[in-house]
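Participant: Here it is: the structure, laid out below.
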Amino acid sequence: MAELSSNLLLIAFIIYLVATLFFGGAIKQKRGMDESHYKNNITISAKIGITLTIIGFMIHIGYFIARWVAAGHAPVSNMFEFITFFSMMLVGAFILIYFIYQAAVLGVFALPIVIILIGYASMFSRDITPLIPPLKSIWLPIHVMTTAAGQAILSISFVAGVIYLLKNVNQKETSYKRLGIESIMYLLTVVLGFIIMTSTFSFMHYEAQFEWIDKEGQTSTIVYELPALVGPNDWNLLTESKMEPLAELPANFNAARANTVIWSFIAGTILYILVRLITRKRISQMIQPLVAKINDDLLDEIAYRSVLIGFPIFTLGGLVFAMIWAQIAWTRFWNWDPKEVWALITWFFYAAFLHLRLSRGWHGEKSAWLAVIGFGIIMFNLVFVNLVIAGLHSYV
Numbered sequence: 014m015a016e017l018s019s020n021l022l023l024i025a026f027i028i029y030l031v032a033t034l035f036f037g038g039a040i041k042q043k044r045g046m047d048e049s050h051y052k053n054n055i056t057i058s059a060k061i062g063i064t065l066t067i068i069g070f071m072i073h074i075g076y077f078i079a080r081w082v083a084a085g086h087a088p089v090s091n092m093f094e095f096i097t098f099f100s101m102m103l104v105g106a107f108i109l110i111y112f113i114y115q116a117a118v119l120g121v122f123a124l125p126i127v128i129i130l131i132g133y134a135s136m137f138s139r140d141i142t143p144l145i146p147p148l149k150s151i152w153l154p155i156h157v158m159t160t161a162a163g164q165a166i167l168s169i170s171f172v173a174g175v176i177y178l179l180k181n182v183n184q185k186e187t188s189y190k191r192l193g194i195e196s197i198m199y200l201l202t203v204v205l206g207f208i209i210m211t212s213t214f215s216f217m218h219y220e221a222q223f224e225w226i227d228k229e230g231q232t233s234t235i236v237y238e239l240p241a242l243v244g245p246n247d248w249n250l251l252t253e254s255k256m257e258p259l260a261e262l263p264a265n266f267n268a269a270r271a272n273t274v275i276w277s278f279i280a281g282t283i284l285y286i287l288v289r290l291i292t293r294k295r296i297s298q299m300i301q302p303l304v305a306k307i308n309d310d311l312l313d314e315i316a317y318r319s320v321l322i323g324f325p326i327f328t329l330g331g332l333v334f335a336m337i338w339a340q341i342a343w344t345r346f347w348n349w350d351p352k353e354v355w356a357l358i359t360w361f362f363y364a365a366f367l368h369l370r371l372s373r374g375w376h377g378e379k380s381a382w383l384a385v386i387g388f389g390i391i392m393f394n395l396v397f398v399n400l401v402i403a404g405l406h407s408y409v
């Protein structure tokens with residue numbers, strides 16, 4: 014069943030990739046159409062794209078069920094499982110929003126994010142391991158799956174917000190807005206850099222083992238799968254003929270994962286510079302013509318409705334269910350763990366989003382920037398807090 018689940022995930026990945034091409038064909042056809050007809054004019058290319066997306070989504074669900082059967086528990090207990098489930102929820106959220114608003118352009122941006130997430134997840138261990146005692150609870154799937162569903166729906170607001178900004182930010186004028194939207198494009202290349210670097214060294218079977226002192230003062234070992242730019246606290250390299258760290262991190266940091274993040278930025282920066290040199294354009298500048306005919310009000314409405322739907326779901330999963338489980342497992346509702354703190358920050362941010370939208374009239378560009386920042390917080394929690402800062406909620 015484990016092998017079946019892996020094959021199903023690969024098939025879903027390929028189908029999403031093909032569906033993206035059809036959605037791209039749909040918006041290319043619509044570029045010549047009048048903007049007022051954009052929402053309701055569904056091209057054959059868009060119909061094929063959404064059909065393939067639904068098929069991919071059903072196969073993705075098949076992966077999830079097969080892995081659940083193989084593991085004997087809900088497959089959301091490690092980094093690989095959580096990210097693949099989160100990506101599945103993102104596809105589900107996209108399909109829901111698509112049938113409400115019939116906006117094919119969302120697929121051009123939402124599905125590549127899903128593809129990147131699946132690729133990102135594949136860099137982590139796919140091993141099925143038994144749950145540790147604290148995780149053997151019905152609240153594991155309830156809390157994690159509801160949180161992921163809420164975050165996935167909130168992420169659709171980011172997709173709509175980015176498209177809005179790509180269309181409306183003036184690319185001919187130097188400004189913080191232009192810098193901001195280009196920074197988003199750069200960060201996406203950093204994720205691609207991560208996939209490239211980890212895939213390359215995984216193919217080379219690179220591995221370096223370190224002995225170090227953890228935050229409890231205990232001697233532990235840690236394995237690096239990329240050459241060590243930064244080392245763990247009070248490190249001692251155990252593997253011969255491997256690169257020694259250039260710097261040392263405190264004990265409360267997961268040095269191996271911090272090292273991976275650094276390498277990702279290095280690879281992403283090189284990739285970004287190459288794209289700029291070859292095309293002689295900023296990435297956002299290249300994309301802008303593709304979204305020139307999209308209705309601003311439609312994008313603004315999608316971004317708002319996504320937050321309106323996703324916020325209460327995230328509130329239930331990320332705060333209410335989390336605190337109930339914490340009380341059962343640790344006899345306290347709150348522990349100020351890094352993941353808990355950032356879940357609260359995420360909640361406050363989207364609460365502020367809705368407040369500014371409803372009471373201050375923050376529509377259009379202001380709302381789009383808030384949607385982008387909110388997704389940045391979600392990704393910071395997923396990547397940096399999970400991988401770098403050690404805590405009770407850190408995935409492996």
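Under the working numbering, residue 409 is the last one in the sequence shown; the count climbs by one each step, no gaps.
C-beta atoms are modelled at their ideal positions from N, C-alpha and C, and glycine is treated no differently.
Are there three or more Cβ pairs, one per stretch, closer than 8 Å when the region 23 to 36 is compared with the region 121 to 141?
Facilitator: Judged by Cβ distances under 8 Å, the region 23 to 36 makes contact with the region 121 to 141, as three or more pairs qualify.
Participant: Tell me, which residues are paired with I235 by DSSP?
Facilitator: Partner(s): F223.
Participant: Taking 8 Å as the cut-off, decide whether the C-beta atoms of M217 and P240 are in contact.
Facilitator: It is not a contact, given that the beta carbons lie outside the stated cut-off.
Participant: Quick one: using the 10 Å Cβ neighbour count with 16 as the cut-off for buried, is A260 buried or exposed?
Facilitator: Its Cβ having fewer than 16 others within 10 Å, A260 is exposed.
Participant: Kindly give me the distance between the Cβ atoms of A39 and S58, rounded to whole angstroms, as I take these residues to be in contact under 8 Å.
Facilitator: Confirmed, Cβ separation roughly 4 Å.
Participant: Between V396 and the rest of its own chain, which residues show a CB-CB distance below 8 Å, the 5 nearest in sequence each way excluded?
Facilitator: Within the same chain, V396 has close Cβ partners V274.
Participant: For Y29, which residues of its own chain have a beta-carbon under 6 Å away from its beta-carbon, when the five flanking residues on both sides are left out?
Facilitator: Correct list, in chain order: G69, L124, V127, I128.
Participant: Measure the Cβ-Cβ separation of S380 and A316 and say whether it is below 8 Å.
Facilitator: Going by C-beta atoms, S380 is nearer than 8 Å to A316.
Participant: Under 8 Å between the Cβ atoms of V268 and P245?
Facilitator: Residue identity check: residue 268 is Ala in the sequence provided, not Val. Closer than 8 Å, so yes.
Participant: Cα separation between S49 and I307?
Facilitator: Model confidence at S49 stands at a pLDDT of 44, short of 50, so the residue's coordinates are unreliable; what they give is reported in the following sentence. Whole-angstrom Cα-Cα distance: 9 Å.
Participant: Taking its Cβ as the centre, do 16 or more other Cβ atoms sit within 10 Å of N272, making it buried, or is it exposed?
Facilitator: With 16 or more other Cβ atoms within 10 Å, it is buried.
Participant: For F324, which option in V89, Y76, Q164 has the closest C-alpha, if you only look at C-alpha atoms?
Facilitator: That would be Q164, whose Cα lies nearest to the Cα of F324.
Participant: Going by alpha carbons, who is nearest to F99 out of P146, P154, I63, D140?
Facilitator: Per the Cα distances, P154.
Participant: Quick one: complete alpha helix (DSSP H) runs, 4+ long, within the region 103 to 160?
Facilitator: DSSP runs (the alpha helix (DSSP H)) wholly in the region 103 to 160: 118 to 134.
Participant: Run through the DSSP bridge pairs and tell me what G244 is partnered with.
Facilitator: Paired residues: E261.
Participant: Of all the options A173, I326, I63, Y285, which has the alpha carbon lying nearest to the alpha carbon of T159?
Facilitator: When each option's Cα is compared against that of T159, the closest is I326.
Participant: Let me know if G62 comes out buried or exposed under the rule of 16 or more other beta-carbons within 10 Å of its beta-carbon.
Facilitator: Label assigned to G62: buried.
Participant: Return the CA-CA distance between N53 and V121, expressed in angstroms with no decimal places.
Facilitator: Interpretation of N53 is limited by its pLDDT of 44, a score under 50 that renders its predicted location unreliable; the figure taken from the coordinates is listed afterwards. Roughly 17 Å between the two C-alpha positions.
Participant: For F26, which residues does DSSP report across the bridge?
Facilitator: According to DSSP, which records beta bridges pairwise, F26 is partnered with nothing at all.
Participant: Please classify N394: is it buried, with 16 or more other beta-carbons within 10 angstroms of its beta-carbon, or exposed?
Facilitator: Buried, by the Cβ-count rule.
Participant: Sort out for me which residues DSSP pairs N249 with in a bridge.
Facilitator: Answer is E224.
Participant: Counting only the same chain and skipping the five closest in sequence on each side, list residues whose C-beta sits under 6 Å from that of L242.
Facilitator: Around L242: L259, N272, I275.
Participant: Measure how close the beta-carbons of V172 and L119 come, nearest whole angstrom, since I'm counting them as under 8 Å.
Facilitator: V172 to L119, Cβ: 6 Å. Contact.
Participant: In angstroms with no decimal places, state the Cα-to-Cα distance between M46 and V236.
Facilitator: For M46, the predicted model reports a pLDDT of 47, less than 50, meaning its position is unreliable; a value from the coordinates is still stated below. Distance between the alpha carbons of M46 and V236: 55 Å.
Participant: Straight-line CA distance for G438 to V288?
Facilitator: Because the chain spans 14 through 409 in this model, residue 438 falls outside it and cannot be assessed.
Participant: Check whether the region 344 to 354 and the region 171 to 190 touch, using three or more Cβ-Cβ pairs below 8 Å as the test.
Facilitator: No, the region 344 to 354 does not touch the region 171 to 190.
Participant: Alpha carbon to alpha carbon, how far is I67 from I74?
Facilitator: Near 10 Å, if we compare the C-alpha coordinates of I74 and I67.
Participant: Can you tell me which of the three DSSP states W338 falls into?
Facilitator: It is helical.
Participant: Check whether the Cβ of K379 sits closer than 7 Å to any heavy atom of the ligand ZN, and report yes or no.
Facilitator: Summarising the ligand content, the structure contains no ligands, and the ligand ZN is consequently not present.
Participant: Is DSSP giving S254 helix, strand or coil here?
Facilitator: Coil.
Participant: With distances taken Cα to Cα, identify the nearest neighbour of Y111 among F77, A79, F36.
Facilitator: Selected option, being the one with the closest Cα: F36.
Participant: Considering only the alpha carbon of each residue, which of T211, L201, M210, L262 lies closest to D227?
Facilitator: For D227, the nearest C-alpha among the options comes from L262.
Participant: Take F93 and list the residues in its own chain whose beta-carbon comes closer than 7 Å to its own, dropping the five residues that flank it on each side.
Facilitator: So the list reads A134, F137, S138, R139, once near-sequence residues are dropped.
Participant: Could you give the first and the last residue of the continuous alpha helix (DSSP H) run that contains L357?
Facilitator: Unbroken alpha helix (DSSP H) run through L357: 351 to 372.
Participant: According to DSSP, is Q301 part of a helix, a strand, or is it coil?
Facilitator: Note: Q301 maps to helix in three-state DSSP.
Participant: State the start and end residues of the unbroken alpha helix (DSSP H) segment that holds R318.
Facilitator: Looking at the DSSP string, the run of the alpha helix (DSSP H) that includes R318 is 309 to 327.
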